[in-house]
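Below is one structure, written out as structure tokens; comments come after it.
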Amino acid sequence: MKLAVLCLADRRRLAIVNTASATAALVPEDLVPGGADPMVAALATAGCLPRLAALAGGRDGAAGLELVALESARICAPVRRPGKIICLASNYQAHMEEAGLTRAGHDPWLFMKPGSSVIGPGEQIRLPYPQAPVDWEVELCAVIGARCRRVAPARALACVGGLTIGNDVSLRQLDQMRPEDNWDSFFSWQQGKWHDTFTSLGPWIVTPDEIAGQLPLRLSLTVNGQPRQSGSTAEMISGLPAAIAAISRITALEPGDVIMTGTPSGVGAASSEFLRPGDLVEAAIEGIGILRNTVAAGEEEPST
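Offset between the sequence shown (1-based) and the working numbering: plus 1170.
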């Protein structure tokens, strides 16, 4: 089952997506009220996903649902403001090698991004400064569907409400770009992840039952139609169950939290090629779809 959030004139509405017919069926508001974050409401409400699955399967009066054509719909980020966005750094060996990094063991390297950095499909990635070296990173993302704390790897996937596509947009070389600010290299790297519009998510979530038979998944990214990244989730150093287990030992995961599982090789930093205004970025994962965003010019630095 694919679930999307549509931005209508007056509110956000949860919808069941049928990619075969290119339509989305609006979920009745007595089942999932429209509002700021209907996806989180659906994930957090006990028994809601099975009821939605029944609707998606053609039972319980599905024929009476209002249909919206996907080509005319404005699809929002599946989760508007995640409580936590927890990311796995350098979780693909080939990406580590292109970055010149090494590691011992399989414990994930973790960092966080603010919820205010989230945008959805069709929205613009905005460069924070003119000529900023802004990079792309396609990632498989898990949206948590049930609260979990100190969960075992064998049970970790039961906490996942759905999978989606993410682009972990990243400002590189901040310490080299603004040396007068004396940026420490680690904090430069981390703060380069935090800018507004630097976490693109979507276009919808796919429930794990639909996609389980397709694992591992191929993921890829193009810029203006030119291939940049291509890989498989089989290449992850820490798989999703292990990552959820490791994270839940540190902090409880709540419905709507997002885990970004790392990116394969082919980032722009490896070739010193970065995003420019007008670029079209398309991140794709088989079984989920394509996440498209354009790039907009940066703002001028404030005068001192």
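In this text, a Cβ means the ideal position worked out from N, Cα and C, and glycines have one as well.
When you compare only the Cα positions, how much space is there between residue i and residue j?
{"i": "residue 1211", "j": "residue 1186", "result": "15 Å"}
{"i": "residue 1385", "j": "residue 1430", "result": "17 Å"}
{"i": "residue 1281", "j": "residue 1307", "result": "15 Å"}
{"i": "residue 1439", "j": "residue 1432", "result": "15 Å"}
{"i": "residue 1226", "j": "residue 1171", "result": "7 Å"}
{"i": "residue 1205", "j": "residue 1181", "result": "6 Å"}
{"i": "residue 1278", "j": "residue 1434", "result": "15 Å"}
{"i": "residue 1247", "j": "residue 1364", "result": "17 Å"}
{"i": "residue 1468", "j": "residue 1298", "result": "5 Å"}
{"i": "residue 1417", "j": "residue 1273", "result": "18 Å"}
{"i": "residue 1361", "j": "residue 1184", "result": "33 Å"}
{"i": "residue 1375", "j": "residue 1201", "result": "18 Å"}
{"i": "residue 1368", "j": "residue 1461", "result": "14 Å"}
{"i": "residue 1396", "j": "residue 1217", "result": "43 Å"}
{"i": "residue 1383", "j": "residue 1455", "result": "14 Å"}
{"i": "residue 1343", "j": "residue 1420", "result": "30 Å"}
{"i": "residue 1240", "j": "residue 1448", "result": "24 Å"}
{"i": "residue 1349", "j": "residue 1341", "result": "Reliability fails at residue 1349, whose pLDDT of 44 lies under 50, so the model's placement of it is uncertain and no value is given."}
{"i": "residue 1301", "j": "residue 1214", "result": "42 Å"}
{"i": "residue 1257", "j": "residue 1283", "result": "7 Å"}
If we count the other Cβ atoms within 10 Å of its Cβ and call it buried at 16 or more, is residue i buried or exposed?
{"i": "residue 1303", "result": "buried"}
{"i": "residue 1415", "result": "buried"}
{"i": "residue 1305", "result": "buried"}
{"i": "residue 1250", "result": "buried"}
{"i": "residue 1453", "result": "buried"}
{"i": "residue 1267", "result": "exposed"}
{"i": "residue 1379", "result": "exposed"}
{"i": "residue 1401", "result": "buried"}
{"i": "residue 1189", "result": "exposed"}
{"i": "residue 1174", "result": "buried"}
{"i": "residue 1390", "result": "buried"}
Kindly identify the DSSP beta-bridge partner or partners of residue i.
{"i": "residue 1309", "result": "1336"}
{"i": "residue 1463", "result": "1451"}
{"i": "residue 1184", "result": "1175"}
{"i": "residue 1414", "result": "According to DSSP, residue 1414 bridges with nothing at all."}
{"i": "residue 1393", "result": "1396 and 1451"}
{"i": "residue 1468", "result": "Bridge partners of residue 1468: none, in fact."}
{"i": "residue 1254", "result": "Residue 1254 is not bridged to any residue."}
{"i": "residue 1296", "result": "1466"}
{"i": "residue 1249", "result": "Beta-bridge pairing links residue 1249 to no other residue."}
{"i": "residue 1402", "result": "1388"}
{"i": "residue 1193", "result": "1188 and 1239"}
{"i": "residue 1372", "result": "1335"}
{"i": "residue 1363", "result": "Note: residue 1363 sits in no beta bridge, so no partner."}
{"i": "residue 1327", "result": "Bridge partners of residue 1327: none, in fact."}
{"i": "residue 1259", "result": "1279"}
{"i": "residue 1318", "result": "1423"}
{"i": "residue 1437", "result": "DSSP lists no partner for residue 1437."}
{"i": "residue 1289", "result": "1370"}
{"i": "residue 1477", "result": "Lying before the first or after the last residue shown, residue 1477 is absent from the chain, which here runs from 1171 to 1474."}
{"i": "residue 1430", "result": "1257 and 1311"}
Among the residues of its own chain, which have a CB less than 6 Å from the CB of residue i, if the five just before and after it don't count?
{"i": "residue 1244", "result": "1177"}
{"i": "residue 1459", "result": "1373"}
{"i": "residue 1436", "result": "1398 and 1399"}
{"i": "residue 1450", "result": "1394 and 1464"}
{"i": "residue 1179", "result": "none"}
{"i": "residue 1427", "result": "1252, 1253, 1254 and 1314"}
{"i": "residue 1311", "result": "1334, 1336, 1428 and 1430"}
{"i": "residue 1347", "result": "Residue placement at residue 1347 is poorly supported in this model, since its pLDDT is 45, which falls under 50; the coordinates still yield a value, given next. Excluding positions up to five away in sequence, the list is empty."}
{"i": "residue 1323", "result": "1411, 1412 and 1415"}
{"i": "residue 1295", "result": "1339, 1367, 1463 and 1465"}
{"i": "residue 1220", "result": "none"}
{"i": "residue 1377", "result": "1171 and 1332"}
{"i": "residue 1445", "result": "1304 and 1465"}
Does the CB of residue i have a neighbour CB from chain B at under 9 Å?
{"i": "residue 1400", "result": "In the structure shown, chain B does not exist; there is a single protein chain."}
So, at 8 Å on beta carbons, what are the nonlocal neighbours of residue i in its own chain, with the 5 sequence-adjacent residues on each side left out?
{"i": "residue 1381", "result": "1333, 1387, 1457 and 1458"}
{"i": "residue 1422", "result": "1317, 1318 and 1319"}
{"i": "residue 1276", "result": "1407, 1408 and 1412"}
Give every residue of the same chain whose Cβ lies closer than 7 Å to the Cβ of residue i, excluding the five residues on either side of it in the sequence, and list them in chain order.
{"i": "residue 1223", "result": "1171"}
{"i": "residue 1271", "result": "1260"}
{"i": "residue 1230", "result": "Confidence at residue 1230 is low in this model, with a pLDDT of 47, below 50, so the placement of that residue should be treated as unreliable; the coordinate-derived value is given next. For residue 1230, where only same-chain residues beyond five positions count, the Cβ hits under 7 Å are 1224."}
- Task: Taking 8 Å as the threshold, find out whether the segment 1232-1245 comes into contact with the segment 1193-1201 through three or more Cβ pairs.
- Result: Three or more pairs of CB atoms, one per stretch, sit closer than 8 Å, so the segment 1232-1245 contacts the segment 1193-1201.
- Message: Check whether the segment 1403-1411 and the segment 1259-1276 are in contact - that is, three or more C-beta pairs closer than 8 Å.
- Response: Of all C-beta pairs linking the segment 1403-1411 to the segment 1259-1276, three or more are shorter than 8 Å, placing the two stretches in contact.
- Query: Would you call the segment 1282-1294 and the segment 1312-1329 in contact, with 3 or more CB pairs under 8 Å?
  - Reply: no
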